[in-house]
Each structure stands twice: as structure tokens, then as C-alpha cells.
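Report on the structure given below.
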Amino acid sequence: MIPPSFEYLRPNTIPEAIAMLQQHGDAAKILSGGQSLIPMMKLRLARPAILIDINRISGLSHIKEEGGYLKIGGLTREAELEVSPLVRSKYPILVDTTHVIADPQVRNLATVGGNLAHGDPANDHPATMIALGAQVVANGPKGERVIPIDNFFVSLFTTALKPDEILTEIRVPVPPPRSAGAYLKLERKVGDFATAAVAVQVTLDEKGACQKVGMGLTNVGATPVKARKAEDFLRGKKLDDDAIAQAAQLAADQAEPSADLRGPVEYKKGLVKELAKRALQLTRERVSK
Amino acid sequence: MPKKQTVRVKVNGVQREMEVEPRLLLVHFIREKLGLTGTHVGCDTSNCGACTVVLDGKTVKSCTVFAVQADGAELLTVEGLLRDGKLHPLQEGFKQEHGLQCGFCTPGMLMSTYALLEKNSQPTEQDIRWGISGNLCRCTGYQNIVKAVQYAAGKLAQGGPR
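Residue numbers (numbering that gives the first Met the number 0), protein chains in the order written: chain E, 0 to 288; chain S, 0 to 161.
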């Protein structure tokens, strides 16, 4: 399959890239890892007249803790996240997530920023970043602005990013002591989108009750779903089997999947319930270690 | 028509330069412009891994990369595995252990497992299966591919050529 013709631009700095976006507006698309965009162009689902390749811009690829946040550069590859000692030691939910994104070759190119900016509710990082309470940093003509993840996903394939903005960084609050999380996904085969997936991140207080709870759901709605009812229910409660079962049901209630080749609606809701239960159990196990 | 772009790449150790249309995919650049037809077009949808090549040390699916993106890079294709007329231990392993039947997926399998052994010279069976999880084989059931990689790892441990 041959993608439609486009003009190729390769800026070396963020201001240069933003100027190009300002000049070309909607006709232009940012080329990051390209692992979603190029397949869409081959299928003619996307036909940008201009591609702005940001891969040569320096300073967009990093994984570091700074000022109370884990900062992940927009261009950071999934494969880099997967092997990062910092991520492996403190952010098991991110390791879970990056492990189940596509396959090794795709992860070598695919970027964390792209996974979010694409605005696809079937992508994996959105639910995880919702659970983690992350922030998205966007750079535009007026400088930098920080968008809370809960305001980032607007509708199918649409995010809060403006046409002249670039996602440059993702910020995850450094988890306090007694925190843990997990991301569990069911996929038909390696490389497939999730039939459904559940992300959980909790912080317990000194008595073992949930102080902070974040839960996100993948591919069960037009946008990534924040399982707010389950979060509210768990806050202040201990993660015992009964609370977990009730929270899992609340998460399933909030899922609005559509029937497709991956299964009917009832099946997917049942799957969310089971994955939520297991993710909460795994989180409980991890937090007690 | 959009402006053509210059692509300079070092392919299997040889510097090449060409003018290409931006929409030209890396796999077509390799096969049609460079004449290296060992890299296969399989599914053309970044699922099967038959088009896997090593770009600056990392495996990529060359059906899902534009040739212009590879400008300035080093590229290794299956043709580059042969050294001084001798098969790479992986190629030898695929032959000895019947790691292929129809052979269509083999170039991609070789490149993925080459990159795997570069990072991890003594992989476990699980490491190997994880390493080829982006490559589909419709013939072998993967058993003999795993054995072929184990064979190569054994050869390399004995100090065979890399």
C-alpha cells in the first residue's frame, strides 16, 4: 500500500516546528514514531499534505525525576521506557503498559507522546496516564502550557492539543510511599489492540486505606475512560476482597464498549470487571512489598 | 508533485545516496531502489515482521517507516549477515534446525533474532519467543526457529564469527 503524496519537512528545533504548524495549519501532521500515522496514511484514513518530522529535534527524549515528577519526553520510545531502570524500579504500571504495546519492532519507534496525542481510546498509555494522574505539556506559539490528563482526551482521535501545538513532555507525579499500580490487558494476539484493559494506581495511608486512587479503562468508549465511580468508592477503604469486587463492578458499569470482532458488549463489560479485580489484587500485592 | 528528498544511508557497510519521493516506504527503497530483495513485503500493515531490518542497531518494520526518515542512518538487511562468504551462525542455525519451511518470514526472523543476540547473547527460550513476538511464521509453529536461535547462541558462545 502506497501512502498519498505529502511534502516532508524536518525541523531541528521546537520553535521551527511550531512555525511550520502555524504556517500549514490543519494540512500538516506531526510525524513522531509514525507507528499509528503511517498505517493510517497507507489505508488513506489520514491524508496530511505535509508531514513535520520531529525526530531530529533534541531534548524531546528523556526519562527523569525532577521537581516531584517523572518527566517523559514526548519522543521517548516505548522500548526506552521498557528498559529504563528508574521506570522498572518505581513505576511497575508503566512497565506493564509498555510491555503490551504492539511488538518489539514497533516499540523501537513508537513514542509515548504519540500514543497519547493520537487520541485513540484503544491505545494503552491513556488509561495508564489517567490512573497516574499525569499532565501533558504542550508547546505552542505562546509557549508552554500544562494540560491535566483528565482534560486531554476530547473525543475519538481528538485531544486538547491545538493544531499549532506539539506534545513535548508527559509528567507523572512521583508516587509517595505505599503506592503501587498495575495495567492488565487482554489482547487476541501480540500486536492487537486491547479487547479491554484496566489501569490502576493507588496510594495507601498509614492504616492501609486508599488515600489516592486512579483507574483508567482502555478501548471501552469513544475516549479513554476514567473509572471515577470505582475511584470514589475505594477512597478511604482498605483493599479487601469485598471492596475490590465492588469497585470492579463499578468500573464495569462505567465501560461503554461497542461490539466488534473482539467481542460483544456484555463480554467486554465482564472482561473489564475481571481485569479490574485482578489489577486491584495485583496492586495490593505490589504495594505490600 | 512534492519535492524529492535526498537519502544517504550506509547499507550493509556501503554508503548509498538517492533522491526519493517522501512517501516512498523504506521497504520499497531497499527492494526497488537498492535492489536488495532479501527483505520481504508480507502483510504491509506492520503485523507480520517479514520486512524487519536493523536501523541504527534497532529492529524496525520497514513497511512502516519512510525512506526519508532513514537519512543518515546505518541499515542492516539480511544480505549483510553473510561475512566473507560465510553464513552467520543464525543462518547456519536456521538451516541445521529446519527453522524454515516456505522461507518467506525468514529474513525478518533473522533480523529480529540478530538484534536479540546482539543485546543478549545467551537468551532463554522465553527471551527468544519474546524477541520474535513481532514476527509471524505460518509454517514452523516456531519450535524449530527457537532451536535455530539456540544453535546460533551456542555457536557464538564458542567464539564463532559475529
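The C-beta atom is built at its ideal place from N, Cα and C for all residues, glycine as well.
| said: I'd like to know if the stretch 83-103 of chain E and the stretch 129-144 of chain S are in contact, where contact means that at least 3 CB-CB pairs between them fall below 8 Å. | reply: At 8 Å Cβ cutoff, the stretches touch.
| task | Can you say whether MET0(E) is buried or exposed, counting buried as having 16 or more other CB atoms within 10 angstroms of its CB? | result | When all chains shown are included, MET0(E) counts as exposed.
| query | Whose CA, out of VAL52(S), HIS87(S), VAL53(S) and ARG137(S), lies closest to the CA of GLY102(S)? | reply | Ranking VAL52(S), HIS87(S), VAL53(S) and ARG137(S) by Cα distance to GLY102(S) puts ARG137(S) first.
| field | Option in CYS104(S), PHE28(S) and GLU91(S) with minimal Cα separation from VAL8(S) | value | Here the closest residue by C-alpha is PHE28(S).
| For THR202(E), which residues does DSSP report across the bridge? | Beta-bridge pairing links THR202(E) to SER178(E) and LYS211(E).
| said: Which residue wins for smallest C-alpha separation from LYS161(E), given the options VAL173(E), ASN138(E), SER154(E) and ILE148(E)? | reply: Out of VAL173(E), ASN138(E), SER154(E) and ILE148(E), ASN138(E) has the C-alpha closest to the C-alpha of LYS161(E).
| query | Taking Cβ to Cβ, would you say ILE129(E) is nearer than 7 Å to PRO223(E)? | reply | Yes. Within cutoff.
| Is any beta-carbon of chain E found at less than 7 Å from that of PRO163(S)? | In the structure displayed, chain S extends from 0 to 161; residue 163(S) sits before or after that span and is not available.
| query | Using DSSP with H/G/I as helix, E/B as strand and the rest coil, what is SER154(E)? | reply | Correct three-state label for SER154(E): strand.
| Start-to-end residues for the beta strand (DSSP E) that takes in PRO172(E) | For PRO172(E), the enclosing beta strand (DSSP E) has its first and last residue at 165-172.
| Own chain residues within Cβ distance below 6 Å of VAL145(E), not counting five before or after | Result list for VAL145(E): GLN134 and VAL136, in chain order.
| message | Output needed for ALA69(S): all residues of its chain with C-beta closer than 8 Å, excluding positions within five of it in sequence on either side, in chain order. | response | Residues VAL6, VAL8, LEU25, PHE28 and LEU54 of the same chain have their beta carbon placed closer than 8 Å to that of ALA69(S), with the five preceding and five following residues left out of the count.
| Are there 16 or more other CB atoms within 10 angstroms of the CB of SER111(S), so buried, or fewer, so exposed? | Sixteen is the threshold: when 16 or more other Cβ atoms of the shown chains lie within 10 Å of the Cβ of SER111(S), as they do, the residue is buried.
| message | Just list the residues that DSSP pairs LYS118(S) with in beta bridges. | response | Note: LYS118(S) is not bridge-paired with any residue in the DSSP secondary-structure output.
| field | Straight-line gap, THR110(E) to ARG87(E) (C-alpha atoms, nearest Å) | value | Distance between the alpha carbons of THR110(E) and ARG87(E) is about 18 Å.
| said: Per DSSP, what are the beta-bridge partners of ARG15(S) in this structure? | reply: Answer is VAL8(S).
| said: I'd like the span of the alpha helix (DSSP H) that includes VAL89(S), first residue to last. | reply: Checking the sequence, you will find Leu at residue 89(S) rather than Val. For LEU89(S), the uninterrupted alpha helix (DSSP H) segment begins and ends at 88-95.
| query | Any C-beta of chain S sitting closer than 7 Å to the C-beta of LEU129(E)? | reply | One detail in the question is off: residue 129(E) reads as Ile in this sequence, not Leu. Contact of ILE129(E) with chain S is not assigned, every C-beta pair being separated by 7 Å or more.
| task | Closer than 8 Å, Cβ to Cβ, to anything on chain E: give me those residues from the stretch 34-46 of chain S, in chain order. | result | The stretch 34-46 of chain S vs chain E, Cβ under 8 Å: ASP43, THR44, SER45 and ASN46.
| Are the beta-carbon atoms of GLY72(E) and GLU168(E) separated by less than 7 Å? | Result yes, Cβ atoms of GLY72(E) and GLU168(E) sit closer than 7 Å.
| field | Residue of VAL219(E), LEU8(E), LYS237(E) and ALA179(E) minimising C-alpha distance to VAL286(E) | value | Per the Cα distances, ALA179(E).
| query | Is the Cβ of TYR7(E) closer than 7 Å to any Cβ of chain S? | reply | Closer than 7 Å to some Cβ of chain S, the Cβ of TYR7(E) qualifies, so yes.
| request: Could you work out which residue in PHE5(E), VAL171(E) and LEU80(E) is closest to GLU64(E) when comparing CA atoms only? | output: The residue with the shortest Cα to Cα distance from GLU64(E) is VAL171(E).
| query | Does DSSP put VAL100(S) in a helix, in a strand, or in coil? | reply | It should be noted that the sequence gives Gln, not Val, for residue 100(S). It is coil, neither helix nor strand.
| Helix, strand or coil at ARG144(E) according to DSSP, with G and I counted as helix | Three-state DSSP puts ARG144(E) in a strand.
| field | Where the alpha helix (DSSP H) through THR282(E) begins and ends | value | Counting along the chain, the alpha helix (DSSP H) containing THR282(E) begins and ends at 264-286.
| Considering only the beta carbon of each residue, do ALA246(E) and LYS268(E) sit closer than 7 Å? | Result no, Cβ atoms of ALA246(E) and LYS268(E) do not sit closer than 7 Å.
| query | In whole angstroms, what is the alpha-carbon distance linking THR282(E) and GLN200(E)? | reply | Spanning the two alpha carbons is a distance of roughly 7 Å.
| query | Cβ of LEU233(E) less than 7 Å from any chain S Cβ? | reply | So, not an interface residue.
| Which residues in chain S sit within 8 Å of VAL189(E), going by Cβ to Cβ distance? | SER132 and GLY133, listed in chain order.
| field | For TYR7(E), the first and last residue of its enclosing beta strand (DSSP E) | value | Here the beta strand (DSSP E) through TYR7(E) covers 6-8.
| query | My guess is that VAL173(E) and GLY67(E) are in contact by the Cβ rule of under 8 Å, so how many angstroms apart are they, rounded? | reply | At roughly 5 Å, the Cβ-Cβ gap stays under 8 Å, so VAL173(E) and GLY67(E) are in contact.
| request: Using a cut-off of 9 Å between C-beta atoms, extract the partners of SER4(E) located in chain S. | output: For SER4(E), the C-beta contacts it makes with chain S under 9 Å involve MET0, PRO1, GLU20, PRO21 and ARG22, in order along the chain.
| query | If you follow the alpha helix (DSSP H) that ILE144(S) is part of, which residue opens it and which one closes it? | reply | Taken as a continuous stretch (DSSP letters only), the alpha helix (DSSP H) holding ILE144(S) covers 142-156.
| task | On a CA-only basis, which of PRO38(E), LEU69(E) and VAL271(E) is nearest GLU186(E)? Give me that one, please. | result | Ranking the options by Cα distance to GLU186(E), first place goes to VAL271(E).
| said: Using C-beta distances below 8 Å, list every residue in its chain close to VAL264(E), excluding the 5 sequence neighbours before and after it, in chain order. | reply: Correct list, in chain order: PRO256, SER257 and ALA258.
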